[in-house]
Amino acid sequence: METLVAQIKPEEVKLPLGLALFAKAGEILRNGGLVAFPTETVYGLGGDAFDPDAAGKIYAAKGRPSDNPLIVHIADVADLNEVAREIPDKAKMLMEAFWPGPLTLIFFKRQGIPCTVTGGLDTVAVRFPDNDIARAMIKSGGGFIAAPSANRSGSPSPTLAEHVLKDLQGRIDMVIDGGASVLGLESTIVDMTVDPPMILRPGFVTREMLEKVIGRVDVDAKILDAKSPVPPKAPGMKYRHYAPKAELTVFEGEPIRAAKEMRRCADEAIANNEKVGIITTDELAVHFEGLNYRSIGSRIDPDTIAQNLYRVLREFDETDVEKIFSESFALDGVGQAIMNRLMKAAGQKVVHLANDNDLSKVDRIVFLDNSDSDRAPYAAYVLENMTLPRLISIESRGMVAPFPEPICQGIQMILEKQGRRAIYHSARELSGEDIRKDTLFLTFDLKLKVKLLRKYEGIDNVYTLPEFLEEPALEIPSPYGHGEEGYEECCDIIENAVSRVAAKLSLIMLD
Ligand code: AMP
Ligand code: MG
50 METLVAQIKP
60 EEVKLPLGLA
70 LFAKAGEILR
80 NGGLVAFPTE
90 TVYGLGGDAF
100 DPDAAGKIYA
110 AKGRPSDNPL
120 IVHIADVADL
130 NEVAREIPDK
140 AKMLMEAFWP
150 GPLTLIFFKR
160 QGIPCTVTGG
170 LDTVAVRFPD
180 NDIARAMIKS
190 GGGFIAAPSA
200 NRSGSPSPTL
210 AEHVLKDLQG
220 RIDMVIDGGA
230 SVLGLESTIV
240 DMTVDPPMIL
250 RPGFVTREML
260 EKVIGRVDVD
270 AKILDAKSPV
280 PPKAPGMKYR
290 HYAPKAELTV
300 FEGEPIRAAK
310 EMRRCADEAI
320 ANNEKVGIIT
330 TDELAVHFEG
340 LNYRSIGSRI
350 DPDTIAQNLY
360 RVLREFDETD
370 VEKIFSESFA
380 LDGVGQAIMN
390 RLMKAAGQKV
400 VHLANDNDLS
410 KVDRIVFLDN
420 SDSDRAPYAA
430 YVLENMTLPR
440 LISIESRGMV
450 APFPEPICQG
460 IQMILEKQGR
470 RAIYHSAREL
480 SGEDIRKDTL
490 FLTFDLKLKV
500 KLLRKYEGID
510 NVYTLPEFLE
520 EPALEIPSPY
530 GHGEEGYEEC
540 CDIIENAVSR
550 VAAKLSLIML
560 D
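Residues 50 to 560 (our numbering) make up the sequence shown, in order.
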């Protein structure tokens with residue numbers, strides 16, 4: 050069969066181009082055909098949910114076991130009643146909060162939904178996607194589209210139309226190319242037929258977000274512990290899903306330590322003539338210069354990691370690498386969904402690194418900035434005036450500080466305003482002598498951290514302030530050139546951040 054490919058942008062949905070495209074998609078769907086379409090999570094492969102034969106065609110095109118049910122996609126909340134019954138109030142609250150969006154809810158099914166769609170179950174999974182193209186496509190097909198992800202069973206879910214074509218060209222009638230999926234991981238699935246409701250697959254809508262709306266939510270035991278003997282409750286979660294061609298190993302532990310161990314293992318494998326690929330992040334890529342590495346995003350913005358994970362795994366499949374080493378990610382927020390997919394792809398193959406990068410032994414803190422004349426010395430001053438469980442040396446340095454200048458006028462002015470004594474400071478440039486095992490470096494941004502890691506190999510304990518405080522949104526802009534208000538605001542932010550640094554250090558020291 051020839052697969053028709055049609056490109057469209059969300060803003061074109063209601064223009065003549067869109068109307069013609071969806072007329073065609075609707076005709077295919079009403080005749081029992083299959084259309085792949087973009088959603089905000091990943092690309093779906095849709096067929097008419099009330100046509101028992103369409104589901105069979107979906108399983109055949111994907112090469113998917115038919116006990117693995119599909120999700121019914123709707124484009125209007127009111128349509129839910131046509132497919133599901135006994136809708137609890139908690140579900141209504143979740144729909145109010147998260148629909149349209151990346152949340153799939155499971156209900157008892159209505160008779161009209163064929164067993165082929167639900168894999169023989171008495172329940173049905175329903176989702177209302179947050180994507181104009183998806184909604185237009187659903188409506189064109191009559192409002193009820195059964196769809197799993199549009200990949201061959203065993204490949205990562207597609208986040209681009211080209212991924213769909215790679216897997217399904219010639220097996221389906223049409224692909225609607227609407228660009229890259231914004232989120233990049235499949236929806237969160239919550240079973241609403243039990244109370245408390247239970248998460249069967251982690252995704253962007255996290256347990257904390259759900260609990261804020263409806264109180265207690267349980268998590269399928271298999272998600273929390275892959276070795277749990279009980280089978281997962283979503284049939285699809287029992288499959289390994291996707292194994293890259295290369296052997297994938299995940300390195301768990303303190304990120305810098307993990308990166309160094311990945312580098313060591315990669316160098317060793319390369320010396321043995323093995324071809325190695327590295328999955329890293331913007332923050333740690335500096336450790337892999339000269340190697341075949343791909344950054345999948347920023348550690349302080351995990352959404353970027355979710356967005357790129359499948360694409361990068363697919364890209365490595367196109368190369369001849371034999372081993373892939375990947376960083377691991379914190380389990381909070383979307384991290385649980387990321388790690389769930391990554392660990393499945395790795396077949397749970399992990400290297401655990403003991404955390405002997407022991408901050409409790411730190412005896413010296415250096416705030417590092419581009420110059421050593423405003424943010425850094427002010428932060429050092431603030432921390433020096435706080436009480437810590439033991440005496441440690443607190444200093445500041447600049448990447449470039451050729452002259453022993455005093456702290457800048459702007460900061461002096463704020464200190465005066467605060468009724469504080471002047472700081473007698475002379476700027477110092479970072480030098481090799483500063484690189485000591487007992488030192489914790491805190492930088493004001495990622496660029497500074499990367500510069501430091503590039504310049505001094507083997508350096509430990511370097512964090513950006515947002516990273517150390519685990520506050521991705523924290524920004525401490527340079528006050529330079531922003532007038533009195535700029536300095537005042539900058540000093541306030543530093544004051545706040547440093548008090549949290551002190552609290553965290555106290556916990557570490559007392560541990
Ligand atoms: P996919 O869209 O490819 O991610 O696949 C749909 C996912 O939803 C699979 O993991 C299914 O196992 C799951 N699913 C669909 N319907 C149900 C249901 N009634 N009960 C439990 N899980 C379901
Ligand atoms: Mg899938």
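Where a beta carbon is used, it is the ideal one built from N, C-alpha and C, also for glycine.
Would residue i be called buried (16 or more neighbouring beta carbons within 10 Å of its own) or exposed?
i, result
"LEU554", "buried"
"ASP226", "buried"
"VAL449", "exposed"
"THR368", "exposed"
"ARG184", "buried"
"GLU332", "buried"
"SER445", "buried"
"TYR473", "exposed"
"ALA429", "buried"
"VAL381", "Looking at the sequence shown, residue 381 is not Val but Asp. Exposed, since its Cβ has fewer than 16 Cβ neighbours within 10 Å."
"GLY219", "exposed"
"THR513", "buried"
"PRO453", "exposed"
"ASN419", "buried"
"VAL62", "buried"
"ALA283", "buried"
"ASN434", "exposed"
"GLY252", "buried"
"LEU64", "exposed"
"ASP509", "buried"
Between the Cα of residue i and those of the options, spot the shortest distance and give me the residue it belongs to.
i, options, result
"PRO281", "LEU249, GLU296, ALA425", "LEU249"
"GLY507", "GLY96, PRO207, GLU310", "GLU310"
"VAL411", "ILE443, PRO426, ASP102, HIS401", "ILE443"
"LEU340", "GLU364, ARG312, LEU362, LEU214", "ARG312"
"ALA292", "SER189, GLY396, LYS73, TYR529", "GLY396"
"ASP171", "ILE162, ASP179, PRO178, SER115", "ILE162"
"MET50", "PRO351, LEU440, VAL224, VAL299", "VAL224"
"LEU437", "ARG549, ALA146, PRO304", "ARG549"
"VAL361", "TYR505, LEU391, ASN80, VAL239", "LEU391"
"LEU70", "SER475, GLN56, GLY481", "GLN56"
"PRO245", "ALA229, THR255, GLY264", "GLY264"
"PHE300", "LEU402, ASN80, GLY535", "LEU402"
"GLY459", "ALA72, GLY169, ILE328, GLU534", "GLU534"
"ARG470", "ALA476, LEU501, VAL431, ILE354", "VAL431"
"PHE517", "TYR536, HIS531, ILE557", "ILE557"
"PRO137", "THR242, ARG439, GLY468, TYR108", "THR242"
"SER480", "MET247, VAL213, PRO451", "PRO451"
"LYS58", "ILE238, GLY228, ILE319", "GLY228"
Is the CB-CB distance between residue i and residue j below 8 Å?
i, j, result
"LEU417", "LEU497", "yes"
"SER236", "LEU152", "yes"
"ARG159", "GLU135", "no"
"ILE345", "ASN357", "yes"
"VAL126", "MET142", "no"
"ILE414", "LEU491", "yes"
"LEU217", "ALA85", "yes"
"LEU94", "ALA199", "yes"
"VAL370", "VAL325", "yes"
"ILE221", "THR52", "yes"
"LEU129", "ILE120", "no"
"TYR529", "ASP421", "no"
"GLY285", "ASN389", "no"
"LEU495", "ALA355", "no"
"THR88", "SER230", "yes"
"ILE238", "ALA174", "yes"
"TYR427", "THR208", "no"
Quick one: give me the first and last residue of the beta strand (DSSP E) that residue i is part of.
i, result
"TYR342", "341 to 344"
"TYR512", "511 to 513"
"CYS458", "Reading off the sequence, residue 458 comes out as Gln, not Cys. Unbroken run through GLN458 is the alpha helix (DSSP H), 458 to 466; no beta strand (DSSP E)."
"MET223", "223 to 226"
"ASP17", "Because the chain spans 50 through 560 in this model, residue 17 falls outside it and cannot be assessed."
"ILE248", "247 to 250"
"ASP421", "Where ASP421 is concerned, there is no enclosing beta strand (DSSP E), given that its DSSP letter is neither H nor E."
Between which two residues does the alpha helix (DSSP H) holding residue i run?
i, result
"GLY382", "No alpha helix (DSSP H) contains GLY382, which DSSP labels as neither H nor E."
"GLY532", "532 to 559"
"LYS498", "495 to 504"
"GLY75", "65 to 79"
"LEU358", "351 to 366"
"SER189", "181 to 189"
With a cut-off of 8 Å, does the C-beta of residue i fall near any C-beta of chain B?
i, result
"HIS122", "Given the protein chain composition of this structure (a single chain), no chain B is represented."
Are three or more beta carbon pairs between the segment 179 to 193 and the segment 262 to 275 nearer than 8 Å?
Too few Cβ pairs lie closer than 8 Å, so no.
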